[in-house]
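One line per chain: the protein sequences are H and V, in this order.
Quick note on the working numbering: the first sequence kicks off at -15 and runs consecutively.
Quick note on the working numbering: the second sequence kicks off at 9 and runs consecutively.
Glycine included, each C-beta is placed from N, C-alpha and C at the ideal position.
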Amino acid sequence: MLKETDEVIGKLHGIVLLIHNSVEFSDIVNFLNKIRSNEQLLVLYISFINSYSHIKEILKENPLHSKKLFVVDCVSGFLIEVRDTIECSYRKPPSNLGQLKDLLMNNIGDKNPNIIVVDSMSQFINFSIPTEDELDEFYKFLHSIKENIWGLKDDSIILLYDDKYGQLQGLPTISFDMILKLEVMRGTPRWKD
Amino acid sequence: MERLKMLKTVEKTNLNINYWKEIQGELPDILNNLSGIVLLTHNSVEFTDIIDFLKNIRKEEFMNVLYISLVRSYDYMKNALSLKQLDQKRMMFIDCVSGYAFPQEENIDNCLYHKPPQNLEEMKQIITFGIDKSGPDMIVIDSLSQFINFTRPTEYEIRELYKFLQSLRTSSLNIIQNTFILLYDTKLGVMQNLPKFSTDLILKVEKVKEETRWID
């Protein structure tokens, strides 16, 4: 278990796989707030799970400190006709890792972010029963990120993965700089008189 | 209106957040330098997996290990050890499982039988008894799951555990007995309120039990 949480997350950089137990967007905001909290950073958030309108609502109650957020909303584009704003662009969800890489490259070129979050990789791979082809594609994707996108060693790309599909096996440990697991325990507080 | 109020009171909130870091690559180094109070949580691993884990602790060092078992009998562990050797470690067992069956101890030189402890205070007495008998370097307690459920611990359970860990640190942990491994089976659910500050390290072993894929 990570005891030196602030030290490790505070200095997070490189390609990080963040496994979680179906956390809420507010938990992700809390996590992002721990990263390099004394710097002004731009976060590029590529979302396949939460719409920009939902993200905006959550940020009202859980603001991001010392970070500016730009969202690529791949959820709402399908549902309604929406126009890009200075804080969000709407795109179709990528169908495979090749398209995800293109989406990343285009937005990195445009925005030059310090932190990139992809929410989530569960759309592309299931680590509970990955096939050899899936793992092979995933390795290639990580490798190409390192080769083509990753020029600045102090920055971070955080790939989220929801472990609701079961125990993870075949994790590509070597291709990541760090693998973290975030476990949020939810429940009702015990009754106190 | 009453219905709405009721829903509001049962709204789920975040009770706790645990951060874990994957350490597969660093594990040999960590185990080679392991000491202090270590909580080892696992997903119902077999005793042979525990042997593998113990084998890698300070590999080059010869160690006396006191293994206090509340979940596996000595006969079972002896059988597993005959299949998988534990080099560089001399094991002494306290079997708290078969104690009720009153087995004979005369011809066994590495096992003592004891009644299962009812609480952590009795557990502490068994540890002291085992240390007096065997002078171990490392003590393994298998397992804490008998005393506490980290999924939904009561305040009393947490208080007793902290008291127990504190007493291990002040009166049992020393230059000779320098390592305590406390096993905990996570089958009861996601853990919260883990004793982060009273232990030196919390490890989580996840053994992936692969289901055979169907081939036509």
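Q) When the Cα of Gly(-2)(H) is compared with those of Leu164(H), Tyr149(H), Ile141(H) and Leu166(H), which residue comes out closest? A) Measuring from the Cα of Gly(-2)(H), the nearest candidate turns out to be Ile141(H).
Q | chain H within 8 Å of Thr21(V), Cβ atoms only | A | Yes, because at least one Cβ of chain H sits closer than 8 Å to the Cβ of Thr21(V).
Q. What residue ranges within the stretch 71 to 107 of chain H form continuous beta strand (DSSP E) runs of no fewer than 3 residues, ordered along the chain?
A. Taking only runs of at least 3 residues, the beta strand (DSSP E) segments lying wholly in the stretch 71 to 107 of chain H are 72 to 74 and 99 to 103.
Q) In three-state DSSP terms, what is Ile12(H)? A) Residue state for Ile12(H) is assigned as helix, using DSSP reduced to three classes.
**Q.** Own chain partners of Asp177(H) with C-beta closer than 6 Å, once the 5 adjacent residues on each side are dropped
**A.** Since pLDDT at Asp177(H) reaches only 40, below the 50 mark, its modelled position is unreliable, and no value is offered.
Q) Which one of Glu121(H), Asn96(H), Lys51(H) and Gly93(H) has the shortest CA to CA distance from Met80(H)? A) For clarity, residue 80(H) is Asn in the given sequence; the question names Met instead. Checked all of Glu121(H), Asn96(H), Lys51(H) and Gly93(H); the closest Cα to Asn80(H) is Glu121(H).
Q | Any 3 or more C-beta pairs closer than 8 Å across the stretch 170 to 179 of chain V and the stretch 92 to 102 of chain V | A | With a cut-off of 8 Å, the stretch 92 to 102 of chain V and the stretch 170 to 179 of chain V do not count as touching, because too few Cβ pairs lie within range.
Q: From the DSSP output, in three-state form, read off Asn118(V) for me.
A: Coil at Asn118(V), not helix or strand.
Q. Chain V partners of Val101(H), CB-CB under 7 Å?
A. The contacting residues do not exist; Val101(H) stays about 17 Å from chain V at best.
Q. Secondary structure at Val198(V), three-state DSSP: helix, strand or coil?
A. The answer is coil: DSSP assigns Val198(V) none of H, G, I, E or B.
Q | Continuous alpha helix (DSSP H) stretch holding Phe172(V): start and end | A | Where Phe172(V) is concerned, the enclosing alpha helix (DSSP H) stretches over Glu163 to Ser175.
Q | Neighbouring residues, chain V, relative to Glu167(H) (Cβ below 9 Å) | A | Ordered by position in chain V, the residues that pass the 9 Å Cβ test against Glu167(H) are Asn24, Ile25, Asn26, Tyr27, Trp28, Val198, Met199 and Gln200.
(Q) Give me the residue from Val(-8)(H), Glu(-12)(H) and Leu(-4)(H) with the minimum Cα distance to Asn98(H). (A) Selected option, being the one with the closest Cα: Leu(-4)(H).
Q | Alpha carbon of Thr220(V) to alpha carbon of Ser142(V), nearest angstrom | A | Confidence at Thr220(V) is low in this model, with a pLDDT of 49, below 50, so its placement is unreliable and no value can be given for it.
**Q.** Beta-carbon neighbours of Lys195(V), restricted to chain H and to distances below 9 Å
**A.** Within 9 Å Cβ-Cβ: nothing; Lys195(V) doesn't reach chain H, min ~13 Å.
(Q) Taking the alpha carbon of Ile42(H) as the reference point, which residue from Ser10(H), Ser50(H) and Lys148(H) has its own alpha carbon closest? (A) For Ile42(H), the nearest C-alpha among the options comes from Ser10(H).
Q: Entirely within the stretch 30 to 71 of chain V and at least 4 residues each: give me those alpha helix (DSSP H) ranges in chain order.
A: DSSP assignment within the stretch 30 to 71 of chain V yields the following whole alpha helix (DSSP H) runs of 4 residues or more, N-terminal first: 35 to 40 and 55 to 63.
Q: Could you pull out every residue in the same chain whose Cβ sits closer than 7 Å to the Cβ of Ile38(V), ignoring the five residues on either side in sequence?
A: If we look at Ile38(V) and ignore the five residues flanking it on each side, its Cβ neighbours are Ile31.
Q: Kindly identify the DSSP beta-bridge partner or partners of Met100(V).
A: Partner(s): Leu74(V).
Q: With DSSP collapsed to three states, give me the class of Phe54(H).
A: Correct three-state label for Phe54(H): strand.
Q: Determine the burial state of Phe15(H): buried for a count of at least 16 other Cβ atoms within 10 Å of its Cβ, exposed for fewer.
A: Counting Cβ neighbours within 10 Å, Phe15(H) comes out buried, since at least 16 surround it.
Q | contact_flag[the stretch 110 to 125 of chain H, the stretch 151 to 171 of chain H] where n(CB pairs < 8 Å) is 3 or more | A | Segment contact: the stretch 110 to 125 of chain H against the stretch 151 to 171 of chain H, three or more CB-CB distances shorter than 8 Å; contact assigned.
Q) Can you give, in chain order, each stretch of the beta strand (DSSP E) that sits fully within the stretch 110 to 149 of chain H and has at least 3 residues? A) Counting only runs of 3 or more, we get 140 to 146.
Q) Expressed to the nearest angstrom, what Euclidean distance is found between the alpha-carbon atoms of Thr21(V) and Gly171(H)? A) Thr21(V) and Gly171(H): Cα-Cα distance of roughly 6 Å.
Q) Are the C-beta of Gly143(V) and some C-beta of chain H separated by less than 8 Å? A) For Gly143(V), the answer is no, since every Cβ of chain H falls outside 8 Å of its Cβ.
Q: List the residues of chain V whose Cβ lies closer than 9 Å to the Cβ of Arg20(H), in chain order.
A: From the beta-carbon of Arg20(H), no residue of chain V is found nearer than 9 Å; the closest lies around 16 Å away.
(Q) I want to verify the contact list: residues of chain H whose CB lies under 7 Å from the CB of Ile210(V), in sequence order. (A) Those within 7 Å of Ile210(V) in chain H are Met(-15).
Q) Quick one: what does DSSP say His38(H) is sitting in, helix, strand or coil? A) It is helical.
Q: Assign Arg20(H) to one of two classes, buried (16 or more other C-beta atoms within 10 Å of its C-beta) or exposed (fewer than that).
A: Looking at its Cβ environment, which holds 16 or more other Cβ atoms inside 10 Å, Arg20(H) is buried.
Q: Please compile the residues from chain H whose C-beta is within a distance smaller than 9 Å of the C-beta of Gln32(V).
A: The answer, in chain order, is Leu155, Thr157 and Ile163.
(Q) Output needed for Leu47(V): all residues of its chain with C-beta closer than 8 Å, excluding positions within five of it in sequence on either side, in chain order. (A) Non-local C-beta neighbours of Leu47(V) in its own chain, meaning closer than 8 Å and more than five positions away in sequence, comprise Leu152, Leu190, Tyr192, Leu202, Pro203, Thr207, Leu209, Ile210 and Leu211, ordered along the chain.
Q. Between Arg66(V) and Leu42(V), is the Cβ-Cβ spacing less than 8 Å?
A. Taking 8 Å as the cut-off, the Cβ atoms of Arg66(V) and Leu42(V) count as close.
**Q.** Asn17(H) and Val168(H) closer than 8 Å at C-beta
**A.** Asn17(H) is not a Cβ neighbour of Val168(H), given a cutoff of 8 Å.
Q. For Asp103(H), is the classification buried or exposed, using 16 other Cβ atoms within 10 angstroms of its Cβ as the cut-off for buried?
A. Counting Cβ neighbours within 10 Å, Asp103(H) comes out buried, since at least 16 surround it.
Q | Thr159(V) - partner residues in DSSP beta bridges | A | Note: Thr159(V) is not bridge-paired with any residue in the DSSP secondary-structure output.
Q) When you compare each of Leu94(V), Thr136(V) and Met199(V) to Tyr182(V) by their alpha carbons, which one comes out closest? A) Per the sequence shown, residue 182(V) should be read as Asn rather than Tyr. Here the closest residue by C-alpha is Thr136(V).
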